[in-house]
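*Asks:*
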Amino acid sequence: MNVTRLKDLLQAAVELELSTIPPYLCALYSLRPGSNDEAAAIIRSVVVEEMLHMVLAANVLTAIGGTPRLTGTDHVPRYPHELPDGVVIDLLPFCPQAVEAFLKVENPQHDHQAMDPEHPLIVGRRPEKHPAGATAVMSRPATIGAFYAEISEALEQAAKELGEPALFCGDPARQVTRQYYYASGGMPDVVTDLASAQAALDEIVDQGEGDPSSMFDADGNLAHYFRFQQLKYNRSYRRSDNAGPPSGPPIGVDFDAVYPMIANPRGADYTDPELRAASDTANRTWSDLLRQLEAGFNGRPEMLLTAVPTMFRLRDQSLVLLANPLPSDGRRHAGPTFEWDGVDGPDPEPDQMKGLQ
Amino acid sequence: MIFPQGATTRTEPATVTDVEYDVVIVGGGIAGAIMADQLNRAGQRVLILEAGSAEDLTLTGYEDYLTRFYSAVSKDNQSPYPVNPNAPMPRSGDAQPITPGRPDTSSYLVQNGPFSTDTTYTRVLGGTTMHWEAKTLRMLPEDFDLATRFGQGLDWPLGYDDLEPFYRQAEREIGVSADVEDQAYLGISFPPDYVFPMKGLPLSYLDQMVAQGVDGTDVDLFGEHFTLKVRGFPQGRNGIPNPAYDGGKGFTPVGAVSTNQVEEGGRCQGNNNCVPLCPVQAKYHAGKTLAKALENGVEVLAQAVVTKVNIDPVSGRVSHLDFRRYQDPSSAEFVSGKVRGRVFVLAAGAIENARLMLASSLQSSSGLMGRNLMDHAYLLSWALLPEIAGTMRGTNCTGGIVDLRGGGFRGRQAAFGIDIHNDGWGWATGAPVTDLHNIVDSQHKFGPALRNALVSQVSRQLQLAFMIEMPANPSNRVTVDPAYRDQLGNMRPVISFNIPDYTMRGAAFSRRLASRIFERLGAEDYTTYDPADPGYISYEGHGYRIRGGNHLAGTHVMGTSATNSVVDVTQRSWDHQNLYLVGAGSMPSIGSANTTLTLAALCFKSATHIVQQLREERAPLTLSAR
Chain A
1081 MNVTRLKDLL QAAVELELST IPPYLCALYS LRPGSNDEAA AIIRSVVVEE MLHMVLAANV
1141 LTAIGGTPRL TGTDHVPRYP HELPDGVVID LLPFCPQAVE AFLKVENPQH DHQAMDPEHP
1201 LIVGRRPEKH PAGATAVMSR PATIGAFYAE ISEALEQAAK ELGEPALFCG DPARQVTRQY
1261 YYASGGMPDV VTDLASAQAA LDEIVDQGEG DPSSMFDADG NLAHYFRFQQ LKYNRSYRRS
1321 DNAGPPSGPP IGVDFDAVYP MIANPRGADY TDPELRAASD TANRTWSDLL RQLEAGFNGR
1381 PEMLLTAVPT MFRLRDQSLV LLANPLPSDG RRHAGPTFEW DGVDGPDPEP DQMKGLQ
Chain B
2 MIFPQGATTR TEPATVTDVE YDVVIVGGGI AGAIMADQLN RAGQRVLILE AGSAEDLTLT
62 GYEDYLTRFY SAVSKDNQSP YPVNPNAPMP RSGDAQPITP GRPDTSSYLV QNGPFSTDTT
122 YTRVLGGTTM HWEAKTLRML PEDFDLATRF GQGLDWPLGY DDLEPFYRQA EREIGVSADV
182 EDQAYLGISF PPDYVFPMKG LPLSYLDQMV AQGVDGTDVD LFGEHFTLKV RGFPQGRNGI
242 PNPAYDGGKG FTPVGAVSTN QVEEGGRCQG NNNCVPLCPV QAKYHAGKTL AKALENGVEV
302 LAQAVVTKVN IDPVSGRVSH LDFRRYQDPS SAEFVSGKVR GRVFVLAAGA IENARLMLAS
362 SLQSSSGLMG RNLMDHAYLL SWALLPEIAG TMRGTNCTGG IVDLRGGGFR GRQAAFGIDI
422 HNDGWGWATG APVTDLHNIV DSQHKFGPAL RNALVSQVSR QLQLAFMIEM PANPSNRVTV
482 DPAYRDQLGN MRPVISFNIP DYTMRGAAFS RRLASRIFER LGAEDYTTYD PADPGYISYE
542 GHGYRIRGGN HLAGTHVMGT SATNSVVDVT QRSWDHQNLY LVGAGSMPSI GSANTTLTLA
602 ALCFKSATHI VQQLREERAP LTLSAR
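Residue numbers (the working numbering), protein chains in the order written: chain A, 1081 to 1437; chain B, 2 to 627.
#1: Just to confirm, does B/E300 get its C-beta within under 7 Å of one of the non-hydrogen atoms of the ligand SAM?
#2: When you compare each of B/Y161, B/A303, B/W428 to B/R11 by their alpha carbons, which one comes out closest?
#3: Assign B/A135 to one of three DSSP states: helix, strand, or coil.
#4: Suppose only complete runs of 4+ residues qualify. What are the alpha helix (DSSP H) ranges in the stretch 27-55 of chain B, listed by chain order?
#5: Which whole-angstrom value is the C-beta distance of B/R343 and B/Q578, which I expect to be below 8 Å?
#6: Taking only beta-carbon positions, decide if A/Q1309 is within less than 8 Å of chain B.
#7: Check whether chain B comes within 8 Å of A/Y1109, counting only Cβ atoms and requiring the distance to be less than that.
#8: For B/E470, does the three-state DSSP call read helix, strand or coil?
#9: Since I believe B/G271 is in contact with B/T396 (beta carbons under 8 Å), could you give me their beta-carbon distance rounded to a whole number of angstroms?
#10: Comparing alpha-carbon positions, which option in A/V1338, A/Y1317, A/Y1339, A/L1090 lies nearest A/P1498?
#11: Using DSSP bridges, identify the partner residues of B/H226.
#12: At a CB-CB cut-off below 9 Å, which residues of chain B make contact with A/R1393?
#13: Please report the straight-line C-alpha distance between B/T228 and B/P387, rounded to a whole angstrom.
#14: Tell me the rounded alpha-carbon separation between B/G536 and B/A429.
#15: Per DSSP, what kind of secondary structure is B/Y527 in: helix, strand or coil?
#16: What are the partner residues of A/P1330, as DSSP defines its beta bridges?
#17: Counting only Cβ-Cβ distances shorter than 9 Å, please list the residues of the stretch 222-251 of chain B near chain A, keeping chain order.
#18: With a cut-off of 8 Å, does the C-beta of B/Q270 fall near any C-beta of chain A?
#19: Under the three-state reduction of DSSP, which class applies to B/G400: helix, strand or coil?
#20: For the 8 Å Cβ check, are there 3 or more pairs between the stretch 1081-1091 of chain A and the stretch 1213-1230 of chain A?
#21: Need the endpoints of the alpha helix (DSSP H) that B/I150 sits in, please.
#22: Rounded to whole angstroms, what's the CA-CA distance from B/I99 to B/D502? Just pull it up for me.
#23: Return no unless some Cβ of chain A is closer than 8 Å to the Cβ of B/E267.
#24: For chain B, find out if any of its Cβ atoms is closer than 8 Å to the Cβ of A/R1112; answer yes or no.
#25: So the candidates are B/S382, B/V568, B/M471; which of them puts its Cα closest to the Cα of B/T528?
#26: Is there a C-beta anywhere in chain A that falls below 8 Å from the one on B/P198?
#27: Rounded to whole angstroms, what is the Cα-Cα separation between A/Q1437 and A/N1116?
#28: Which residues mark the beginning and the end of the alpha helix (DSSP H) in which A/F1377 is found?
#29: Could you tell me whether the Cβ of B/P449 comes closer than 8 Å to any Cβ of chain A?
#30: Return the CA-CA distance between B/A598 and B/D38, expressed in angstroms with no decimal places.
#31: Per DSSP, which one or two residues make a beta bridge with B/G425?
#32: Less than 8 Å between the beta carbons of B/N499 and B/L374, yes or no?
#33: Going straight from the alpha carbon of B/R394 to that of B/L204, what length do you get?
#34: Taking the Cβ atom as the reference point for each residue, do B/I547 and B/A378 lie within a distance shorter than 8 Å?
#35: Measuring only between beta-carbons, confirm whether B/P5 sits less than 8 Å from chain E.
#36: Residues of chain B with a CB under 7 Å from the CB of A/Q1259: which are they?
In structure tokens:
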């Protein structure tokens, strides 16, 4: 087993987890204040766990001596984003179509009707699709579950060939530990050997797809797929629902109480200079966040503290965009575009910590 | 941390009447929560009676409180909690200047004066930790011998070393962030290798600015020399877990109470509305301990206000409690009930514990029930710094000056600690809202000019809060009077309170020290005290406004005998063998430490005694061979 390929697979896993975050954030931030409280809690709970998955994948990569990358045009996800099994995820406001896409991302068995390209939500808004990095490194097109299975096999193979100590040669000090990451979807596993690496990968798959015959993951929480089923049916699950549709009380889903964000927005769509400036600001913040996280995954875990206020800024700046109707359109609203700011460069300086809590 | 949904309504009043509990606890604040959790773990059947409304402390319940706080016009420490005439609580705007000889009866606390206090405590599930700031200072060893060493107030029947192991238990329960090297001063000691559960939170930028002027300041007090230094406070809020904690096992921070693990909040994010509520529950509140206890089977009956403690005339033991259970906070209708138990624990706070005992005509054979009421006297000083100092970056308070918490001067004047307020002049003037009104209404600014003026005004604000000690004095007291009752018919607390000269000497010194610090910082002093305000006191030709500290204590003081105290060193009533009065009410002095950590430590200690008592009283009598 070629360790370089293993690193490529794990880098693709980091990017895959990262790519799920902007679509969930668009849905979350598009909810009008005072509405959809349960929906917000559900989407937030999932997006927080995707962040954990990204940390877990990064820890496995670091453990084998790799360097997780989140910055630069090669690594920052672009939308519409095409997953290795052909599922396309768009940046959409909270709407039934977005929920359908989330269900498909979290469970490949989901009976998913791909959105009609002529659907008014996306017509003209899917100029090109951007394939996930995973597509290029995988041996065959497959689901996310199969992708992780392939990584898991490759790890085992490499450990057999090289011996665990040689494979897991990464500096343990570069692991993200619970000192710097906790209470956000679980605890990061420190990866030092094959068993801890497999445990980290299992956690990712378990929290996401879960076991399709059971609604709950190993920690007793609803798996992501079932959390989103609650949004689709506007009902909460009862324990007795047995992986069928939920039959509990309604949860107040209101698809009308949403800022009608344009699908897959781009900075270039904003011809109004004020809107464009607001979008550029949000993208600089998004890029700063990625720079801080990358530094945090590569031996400077204290940068994860700096990332917390950056996330608040990103939310606030996204809300500014979402609250504004497009002057050219009059009905649909602007939204965060999650584009890389193009400034490739060195790690953020420690003085970004200055004056912070 | 999962708070079981419906836990506050799952126990029926009828069930309660049919059962003899091992332990009945009155009050679901931090003291009651710790007692319930500890006793339940020891296999006892425990019931909590909570006077406040039956709101679950689930995430939804907590968020409802937050929403109410966000939409409240006045952001005072009780603003998240709706008015409940069946279990009323003092609110900081209640206090009025008192006309001598005429008690102020306009709000829940009837105030006899002469001093009118704006102190508060919170009567909801979770108690006053639902609004506390979460400073977790230990008391100094010398605070335990105040009478012997300094001729002031009362001594404790135990010392710092006796309480030290229980301080560590309390620090684990609350989840304290601090560094030992910052906290080992004036005799405070720790076992070798001890570290706090989490690392100390960093000093704010404002603290660092103030430190530039303060560090190295020399103070001479009655021949004793002190050098001041800004240092971090220990805090009950989540920071970075210390991997060296617990012999290298580390510490797992407790997040939000929730019904879903992923909603568990994280570490402190600096939202700066710690008081009353942390939006992400990085700050400890008793709901976190209650959630554990309730999940493990502790029962709670909410909206149940205990009206009377009944004593068996033969044994002198508590036979049962009478309570009134209301259906609706706004309606005076109630159903009466009684509850039996083997041991009873009053954990309703210093004022409510004494109020309930006095309303039950139980003055204590010492006559001290309700006497020795203590609080901290707060004196605020505020100024504008010459340059922007990052004020309003949270948490509310990260650092301060503690060098004058102890010393030989305590024979003559009160000790004090100083808080540097990251929330600016909020407490003193209502900033930043009042600044906004002023800039808009008086200066007529808008747009960028308004934004700039706000930044310039608010982010230069420096407020120093001097927390001044107040020794026990039997004439400061809680009583009851049948003439004053709440909607449910319970007698309201009547407060007689005076600030002693000892404390006022500390206040006068504090004011001078504040001026000196402001001068060193080049800050412009804006402090004024309005004679029309409640809490205004003239002392030696100067006026001061003393604010309540919400650190109420002393009303069922502990001591060495039934004649000099209400409870013994285990917080057990001298008069009634199966009754424990717990909380800050048992404390004979409070020094210059916020009371919660110490009262939590006392509760851990008492829980072990209660378990032992229950075990002994249950054991069949055996004839000894000896």
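We put the beta carbon where it would ideally sit given N, CA and C, even for glycine.
*Replies:* Taking the definition as stated:
#1: Among the components of this structure there are no ligands whatsoever, and the ligand SAM is therefore not found.
#2: One-based indexing of the second sequence puts residue 11 of chain B at position 10. It is B/A303.
#3: As a first step, residue 135 of chain B must be located in the second sequence, where it is residue number 134. It is coil, neither helix nor strand.
#4: 31-42
#5: By one-based count along the second sequence, residue 343 of chain B stands at place 342. By one-based count along the second sequence, residue 578 of chain B stands at place 577. With 8 Å as the limit, B/R343 and B/Q578 do not qualify as a contact, their Cβ atoms being about 11 Å apart.
#6: Along the first sequence, read from residue 1 onward, the residue named residue 1309 of chain A stands at position 229. A/Q1309 does not count as touching chain B.
#7: Position 29 of the first sequence, counted from the start, is the residue given in the question as residue 1109 of chain A. It does not; no Cβ of chain B falls within 8 Å.
#8: Position 469 of the second sequence holds residue 470 of chain B. B/E470 falls in the coil class under three-state DSSP.
#9: The residue labelled residue 396 of chain B in the question sits at position 395 within the second sequence. The residue labelled residue 271 of chain B in the question sits at position 270 within the second sequence. Right, the Cβ-Cβ distance comes to about 6 Å (below 8 Å), so this counts as a contact.
#10: The structure shown has nothing for residue 1498 of chain A, since chain A only spans 1081 to 1437.
#11: Numbered from its first residue, the second sequence carries residue 226 of chain B at position 225. Paired residue(s): B/D221.
#12: As a first step, residue 1393 of chain A is located in the first sequence; it is residue number 313 there, counting from the start. Chain B residues near A/R1393: none, gap ~12 Å exceeds 9 Å.
#13: By one-based count along the second sequence, residue 228 of chain B stands at place 227. By one-based count along the second sequence, residue 387 of chain B stands at place 386. Distance between the alpha carbons of B/T228 and B/P387: 24 Å.
#14: Translated into positions along the second sequence, residue 536 of chain B becomes position 535. Translated into positions along the second sequence, residue 429 of chain B becomes position 428. Spanning the two alpha carbons is a distance of roughly 13 Å.
#15: What you label residue 527 of chain B is simply residue 526 of the second sequence in a count that begins at 1. Of the three classes helix, strand and coil, the one that applies to B/Y527 here is coil, per DSSP.
#16: By one-based count along the first sequence, residue 1330 of chain A stands at place 250. Per DSSP, A/R1315.
#17: N239, I241, P242, N243, P244, G251
#18: The residue given as residue 270 of chain B occupies position 269 in the second sequence. Closer than 8 Å to some Cβ of chain A, the Cβ of B/Q270 qualifies, so yes.
#19: For this step, residue 400 of chain B is matched to residue 399 along the second sequence. The answer is strand: DSSP assigns B/G400 an E or B state.
#20: yes
#21: For the purposes of this step, residue 150 of chain B is identified with residue 149 of the second sequence, where counting begins at 1. The sequence shown places Arg at residue 150 of chain B, rather than the Ile named in the question. Looking at the DSSP string, the run of the alpha helix (DSSP H) that includes B/R150 is 147-151.
#22: For the purposes of this step, residue 99 of chain B is taken as residue 98 along the second sequence, with counting starting at 1. For the purposes of this step, residue 502 of chain B is taken as residue 501 along the second sequence, with counting starting at 1. Whole-angstrom Cα-Cα distance: 19 Å.
#23: Position 266 of the second sequence, counted from the first residue, corresponds to residue 267 of chain B. A quick correction: the sequence has Gly, not Glu, at residue 267 of chain B. Yes, B/G267 lies at the interface with chain A (some Cβ there is under 8 Å from its Cβ).
#24: Taking the first sequence and counting its residues from 1, one reaches residue 1112 of chain A at position 32. No - not a single Cβ of chain B is within 8 Å of the one on A/R1112.
#25: Here residue 528 of chain B refers to the residue found at position 527 when the second sequence is read from its first residue. Cα-wise, what sits closest to B/T528 is B/S382.
#26: Locating residue 198 of chain B in the second sequence gives position 197, where the first residue counts as 1. Chain A contact via Cβ: absent.
#27: Taking the first residue of the first sequence as position 1, residue 1437 of chain A is located at position 357. Taking the first residue of the first sequence as position 1, residue 1116 of chain A is located at position 36. With a pLDDT of only 33 at A/Q1437, under 50, the local geometry of the prediction cannot be trusted, and the value read off the model is given with reservation. Looking at the two C-alpha atoms, the distance is approximately 32 Å.
#28: Position 297 of the first sequence, counted from the first residue, corresponds to residue 1377 of chain A. That run of the alpha helix (DSSP H) goes 1353-1377.
#29: Against the second sequence, residue 449 of chain B aligns to sequence position 448. So no, B/P449 is outside the interface.
#30: Residue numbering aside, residue 598 of chain B sits at position 597 when the second sequence is read from its first letter. Residue numbering aside, residue 38 of chain B sits at position 37 when the second sequence is read from its first letter. Per the sequence presented here, residue 598 of chain B reads as Leu, with Ala not at that position. If you take the alpha carbons of B/L598 and B/D38, they lie about 17 Å apart.
#31: Walking along the second sequence from the start, residue 425 of chain B turns up at place 424. For B/G425, which the question treats as bridged, DSSP gives no partner whatsoever.
#32: Translated into the one-based positions of the second sequence, residue 499 of chain B becomes position 498. Translated into the one-based positions of the second sequence, residue 374 of chain B becomes position 373. Contact: no.
#33: Here residue 394 of chain B corresponds to residue number 393 of the second sequence, with the count starting at 1. Here residue 204 of chain B corresponds to residue number 203 of the second sequence, with the count starting at 1. Their Cα atoms are separated by approximately 11 Å.
#34: For the purposes of this step, residue 547 of chain B is taken as residue 546 along the second sequence, with counting starting at 1. For the purposes of this step, residue 378 of chain B is taken as residue 377 along the second sequence, with counting starting at 1. Yes, they are a contact pair.
#35: No chain E is present in this structure, whose protein chains are A and B.
#36: Stepping through the first sequence from its first residue, residue 1259 of chain A is reached at position 179. Those are I241, P242, P244, listed as they occur along chain B.
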